[in-house]
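Residue numbers (the working numbering): 5 to 543. For every residue, glycine included, the Cβ atom is placed at its ideal position computed from N, Cα and C. Remarks on the structure that follows.
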């Protein structure tokens, strides 16, 4: 087998000396498949191929897509977090749109290839911070589980996006949507189609990639499948489990997105993207069980109403009720690709459902979960900028403050940053579980949401029924905000100071009901919080 190294070289027309510019990519070898031949842009760039000691020779022209300036909306979302490193690795300069800069935690290694702009696309008439020289944009925004009127919200967001980029040199927008081939669509899929129609009324070229169920670590669809199969040996399930769909691996979704950049054949077109397997939801559940070596039995019944089905998903899995309701309505609609034409255009060979499961489970075992839908703000009730809550109030607040001398600082930090999720809360876990169940019963998030990574925490991450507001392991401070249903607002802070751990629970009650709640659980606080700080400082 012959091994080649590819170099992107810029032609110097002044002295006919070719200058190697692959260094601007941060690599000396890159993937040819990531780029598209572009005759118009080729006058200044040529591709050389070097077979080790053999002399370099010109094999063709290559457009400098590696130098493109790309606008990435939804940069803190499930897809956006995974797409960003792919774009940077291919040499693009990425402008990341975030609603709250404090929730954006990119790897330090890519900071010199990105810039961040803070935009709330829900607000109309604001000045645009979007740079005028962007060429490509990824539209990855949705509001499916934020409110009952999310269709109106999504359409408004699309209109505001158009207003904010109208002054730019934007050439192409790549929109990740849902498969909408049925005559009767769910509210969720109708909303996706409406956004597509709205975006198409713009001077830029629109490329719409329509996906069905996305399989990957942290995706809502995969987490629901995993929750159901891992927890229920026998399932009495609604009949929509017999609906067919065409799942696609997250790794393939990223390939489709990246390779769509500046591909003229995709301009002003929409394509369905999916894997090679067409399966019912029941077959997908049993397929997961087979990969995991579990024996599972599923009985479908016709008597479950959409409301009952939504509650079934809500109580058994980690999903929110709003998301469960939207998903149940969509799961009654078949999401099957019309054809696989785009696979040939972009040279993508999607992997099977089984292979996607195996890759996903391997990533989970190796703690390689880059993003999770649970970290999105729509998975809880926290809908503010983190900066508004990072300073814990004192006026009108009730507090439980405890301090203990630390036996082993390194061990204490390790325990604090592993708290929750599979690690539990170290003391009185059964009380935490009861509180989580009570929260679920009144429409809260409960404890099942867990955490994305077993060791790392960043601002904006979900942590059981908490949201991380501040996390600095070196400083020794972790601040959490409660997303459980409460008659008030609650914070939980861990802070290392001069060899001591200061643990502070703060509650800002709303009216007399809030104060009654605090005093009614005061005795449990003494048991739970006292045991927790002792475990953290003496283990």
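>> Let's see if you can read the secondary structure: which residues bound the beta strand (DSSP E) around residue 471?
In response: 470-476
> Does the region 228-246 come close enough to the region 309-317 to have 3 or more Cβ pairs within less than 8 Å?
Replying inline: yes
> Name the DSSP beta bridge partners of residue 242, please?
Replying inline: 305
>> Since residue 426 and residue 463 should fall inside the 8 Å C-beta cutoff, what is the C-beta to C-beta distance between them, to a whole number of angstroms?
In response: Actually they do not touch by this definition, with Cβ atoms about 22 Å apart.
>> Does the region 92-103 come into contact with the region 73-81, if we say contact requires no fewer than three beta-carbon pairs (one atom in each stretch) closer than 8 Å?
In response: yes
>> Considering only their Cβ atoms, is the gap separating residue 185 from residue 342 smaller than 8 Å?
In response: yes
> Contact check, residue 259 vs residue 352 under 8 Å by CB: the rounded distance?
Replying inline: 5 Å
> So what does residue 338 bridge to, in DSSP terms?
Replying inline: Answer is none; residue 338 lacks a bridge partner.
> Are there 16 or more other CB atoms within 10 angstroms of the CB of residue 250, so buried, or fewer, so exposed?
Replying inline: buried
> Using DSSP with H/G/I as helix, E/B as strand and the rest coil, what is residue 2?
Replying inline: An answer regarding residue 2 cannot be provided, because it is not within the stretch 5 to 543 covered by the chain.
> Cα separation between residue 129 and residue 122?
Replying inline: 15 Å
> Since residue 223 contacts residue 419 with CB under 8 Å, what's their CB separation in whole angstroms?
Replying inline: In fact, because the Cβ distance is near 29 Å, the residues do not count as touching under 8 Å.
> How should residue 397 be labelled, buried or exposed, when 16 other C-beta atoms within 10 angstroms of its C-beta is the threshold for buried?
Replying inline: exposed
> Leaving out the 5 sequence neighbours to the left and right, which residues in its chain are closer than 6 Å to residue 269 when beta-carbon positions are compared?
Replying inline: 349
>> Quick check: residue 265 and residue 140, are their CB atoms within less than 8 Å of each other?
In response: yes
>> Suppose contacts are defined by Cβ-Cβ distances below 8 Å. Is residue 360 in contact with residue 219 by that definition?
In response: yes
> Taking all protein chains shown into account, do 16 or more other C-beta atoms lie within 10 angstroms of the C-beta of residue 52, making it buried, or fewer, making it exposed?
Replying inline: With a pLDDT of 43 at residue 52, under the threshold of 50, the modelled position of this residue cannot be trusted; read the value that follows with caution. With 16 or more Cβ atoms within 10 Å of its Cβ, residue 52 is classed as buried.
> In or out: residue 297 buried (at least 16 other Cβ within 10 Å) or exposed?
Replying inline: exposed
>> Can you tell me whether residue 523 is buried or exposed? The criterion is at least 16 other CB atoms within 10 Å of its CB, across all chains shown.
In response: exposed
>> Applying the 10 Å Cβ sphere with the 16-neighbour rule, what's the burial state of residue 476?
In response: exposed
> How many Å lie between residue 487 and residue 345 at the Cα?
Replying inline: 45 Å
> At which residue ranges does the region 82-136 contain complete beta strand (DSSP E) runs of 3 or more residues, listed in the order of the chain?
Replying inline: 97-102, 118-122
> Cα separation between residue 41 and residue 267?
Replying inline: Bear in mind that a pLDDT of 36 at residue 41, under 50, signals an unreliable position, so the model cannot answer this.
>> Going by DSSP, what residue range makes up the beta strand (DSSP E) through residue 4?
In response: What the structure shows of the chain is the stretch from 5 to 543, and residue 4 is not part of that stretch, so it cannot be assessed.
> Within the chosen definition, does the region 531-543 reach the region 449-458 through at least 3 CB pairs nearer than 8 Å?
Replying inline: no
>> Please report the straight-line C-alpha distance between residue 517 and residue 442, rounded to a whole angstrom.
In response: 17 Å
> When the Cα atoms are used, what is the spatial distance from residue 190 to residue 333?
Replying inline: 6 Å
> Just curious, the beta strand (DSSP E) that residue 493 is in, first and last residue?
Replying inline: 492-501
>> Taking DSSP's pairing of strands, which residues face residue 273 in a bridge?
In response: 211
> From residue 408 to residue 414, what distance separates their C-alpha atoms?
Replying inline: 15 Å
> Going along the chain, which residues of its own chain have a beta-carbon closer than 7 Å to the beta-carbon of residue 402, five neighbours each way excluded?
Replying inline: 511, 513, 522
> Residues bridged to residue 218 by DSSP?
Replying inline: 252
>> Between the region 187-207 and the region 289-303, can you find at least three pairs of beta-carbon atoms closer than 8 Å?
In response: no
>> Going by DSSP, what residue range makes up the beta strand (DSSP E) through residue 406?
In response: 402-409
>> Which of the three DSSP states is assigned to residue 482 in this structure?
In response: strand
>> Between residue 79 and residue 108, how many whole angstroms is the CB-CB distance? I'm expecting something under 8 Å.
In response: 6 Å
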